[in-house]
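Counting from 32, one number per residue, gives the positions in the sequence shown under the numbering used here.
Cβ atoms here follow ideal geometry from the backbone N, Cα and C, with glycine treated the same way.
Structure first, then comments.
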Amino acid sequence: MGAGLRIGLIGCGTVGRGVVEILAAEGSEIARKTSATLELVRVADTDTDKIRQAGVPEQCMTSDASEVIEAPDLDVVVELVGGTTVAREFVLKALAAGKHVVTANKALLAHHGKEIYAEAVRHRRCVAFESSCAGGIPIILAVRQGLVANRISALHGILNGTCNYILSEMADKGKSYAEALAEAQEAGFAEVDPTLDVNGTDTAHKLAILASIAFGVDVDFDRLHIEGIEHLDAQDLAAGQEMGYVCKLLGIADRTPSGLSLRVHPAFVREDHALAGNRGSFNAVSVYGNWVGHTLYYGRGAGSRPTASAVVADLVDIAVGNQPRVFEAYRNLNDKAAPPTYAPIDQLELRYYVRLMVVDRPGVMAQITRIFGENAISLRAVVQHEPPEGAGGEVVPVMVLTDVAAEGRMRSALAEVARMDVVKSPPVMIRVVSEHEEYAS
Ligand code: HSE
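Quick look at the structure:
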């Protein structure tokens, strides 16, 4: 049986251009392999030059998104506008107009997923969003369908290509933060507003979507703990390397006895950790299931071609009739689930690396260690480094590595340390994250 799909696309930026290119280059091969005929009928962008540059014929382009959303001759709308205001409106209208929706918009789904999925179910249409998480890696397919037999105990991922690129380039090539960020922007990995990448929000959006699929619950985005990489410095990465650690921005979803622990933060992982070798704009995701054990997914998590590859996969899945059935069946499970409980961040028990910028004066080290001791935190190492080049000699970095400690105590200690006169900037803290137990209960 042949399956033709008439497609409208809104947003012809980095990913949209990739979709146009793949459909042109691979359409007939996809049809040969799958029996799905994907026909790009209309493309909208407020900047029609972008559509023209992607090679779309004049008669297929418009600057008016409603000509895609309202068109009676389309089966599916691909939303690649980004953001959560106009995009939400477009998606809801497209569903109401009887179109399936494919979107790469993780912010939209993390904040408004519940409303959008309910609207899709109401109109008996589907929302496919493989491209929203981890770019070209088919992680949603894997977690939702491939691992469905399992109770997932944890999902740990490097989910932001921009941050991973910055951290790798700083650690491996000695580049500055600003230089590496500019390169990520140039390469098309970064969000339009790269603040969302570096402050951890983009990772959190993806984590919320993946956790909701892994655990079969609706995740409240506001309950995620989010920290980014903006406060990290080359000297932190170097100190980690001296101790055998690599620094990664991790999205962590753990099922714990006190609820879901959902958090995004920089983490030191040992060099032999499953995620440690992941460099550049690549993403990597470890998922731990009670039957399957540890599974690991790896690939390019950002950029035009990998993300467009996932968009096209969703289009084929809709064309062959699979996605609408899967969407309806699996989403209804979440609707019946009780809202999850969330484990407070203070209950974490980890080891911590801390950098303090302190005045170089006798007795300072003793004051600092006393505060940690009074908070029942045992220290593994305290090292004073040379000041960073050009910083003058008066303020020096002191690096502290703790034993396993409760995060609540750690926060109290750091608040106290930060109030010391001799501490000249807010402490930088990096959690040390071990490989998750393969068959956690
Ligand atoms: N800006 C994202 C990243 C790519 O750097 O990973 C799209 O999700």
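query	result
Nearest to A215 by alpha carbon, out of T287, I408 and S312?	S312
For the beta strand (DSSP E) that Q216 lies in, which residues bound it at each end?	From DSSP, Q216 is part of no beta strand (DSSP E) but of the alpha helix (DSSP H) over Y208 to E217.
For H236, which of helix, strand or coil comes out of DSSP?	helix
Sorry if obvious, but does the Cβ on F220 come closer than 6 Å to a heavy atom of the ligand HSE?	yes
With DSSP as the reference, identify every bridge partner of D203, one or two as the case may be.	None; D203 has no bridge partner.
Which residue or residues does DSSP assign as beta-bridge partners of A412?	L432
Should G394 be counted as a contact of the ligand HSE given a C-beta to heavy atom distance under 6 Å?	no
Are the segment 37 to 53 and the segment 313 to 323 touching by the rule of at least three beta carbon pairs closer than 8 Å?	no
With DSSP as the reference, label E380 as helix, strand or coil.	strand
Put A62 into one of helix, strand or coil per three-state DSSP.	helix
Do the CB positions of V248 and A239 come within less than 7 Å of each other?	no
What residues in its chain sit with their C-beta under 7 Å from that of E2, if we drop five residues either side in the sequence?	This structure cannot speak to residue 2, because the chain is shown only from 32 to 472.
Given the structure, does G332 come close to the ligand COA, in the sense that its CB is under 6 Å from one of the ligand's heavy atoms?	As presented, the structure is devoid of the ligand COA, carrying the ligand HSE as its sole ligands.
Can you tell me where the alpha helix (DSSP H) holding H325 begins and where it ends?	Looking at the DSSP string, H325 is not in any alpha helix (DSSP H); the run it does join, the beta strand (DSSP E), is G324 to R331.
Measuring alpha carbon to alpha carbon, tell me which of F220, S59, Y276 and N191 ends up nearest G259.	N191
Which stretch, first to last residue, makes up the beta strand (DSSP E) that contains P370?	Note, P370: premise wrong, no beta strand (DSSP E); not H, not E.
Between V413 and K455, is the Cβ-Cβ spacing less than 7 Å?	no
What is the rounded straight-line gap between the Cα of L410 and the Cα of D391?	20 Å
Nearest CA to the CA of L255: which residue from G352, D267, H262 and A242?	A242
Indicate, with yes or no, if the ligand HSE has a heavy atom lying under 6 Å from the CB of G484.	This structure does not reach residue 484, given that the chain is present from 32 up to 472, and the question cannot be answered.
Quick check: what's the CA-CA separation for G308 versus L186?	17 Å
Measure the Cβ-Cβ separation of R462 and Y383 and say whether it is below 7 Å.	yes
Let me check understanding here. Comparing Cα to Cα, which of G334, A125 and R286 lies closest to A221?	G334
Just grab the DSSP bridge partners of H187 for me.	I283 and S317
Specify whether the segment 96 to 107 and the segment 123 to 132 touch according to this definition: at least 3 beta carbon pairs, one from each stretch, less than 8 Å apart.	yes
How many angstroms separate the CA atom of A36 from the CA atom of T68?	The question names Ala, but residue 36 is Leu in the sequence shown. Approximately 6 Å between the Cα atoms of the pair.
Please look up how many angstroms separate the CB atoms of A118 and D345, rounded, as I've assumed it's under 8 Å.	At roughly 16 Å, the Cβ-Cβ gap does not stay under 8 Å, so A118 and D345 are not in contact.
Given I402, which residues of its chain have a CB within under 6 Å of its CB, disregarding the five upstream and five downstream residues?	A444, E447 and V448
Looking at C-alpha atoms only, which residue of V107, P418, A360 and G404 is the closest neighbour of R386?	P418
Judging by CA-CA distance, which residue of K137, S59 and G290 is the nearest neighbour of P375?	G290
Which whole-angstrom value is the C-beta distance of V133 and V109, which I expect to be below 8 Å?	5 Å
What whole-angstrom Cβ distance do V107 and I147 have, given they're in contact under 8 Å?	Not really, about 15 Å apart at Cβ, beyond 8 Å.
Measure the Cβ-Cβ separation of H236 and K137 and say whether it is below 7 Å.	yes
What separation, rounded to the nearest whole angstrom, lies between the Cα atoms of K367 and R450?	48 Å
Can the beta-carbon of G475 be found closer than 7 Å to that of L111?	The structure shown does not extend to residue 475, since the chain spans only 32 to 472, so no value can be given for it.
Which word fits P393, buried or exposed, when buried means at least 16 other C-beta atoms lie within 10 angstroms of its C-beta?	exposed
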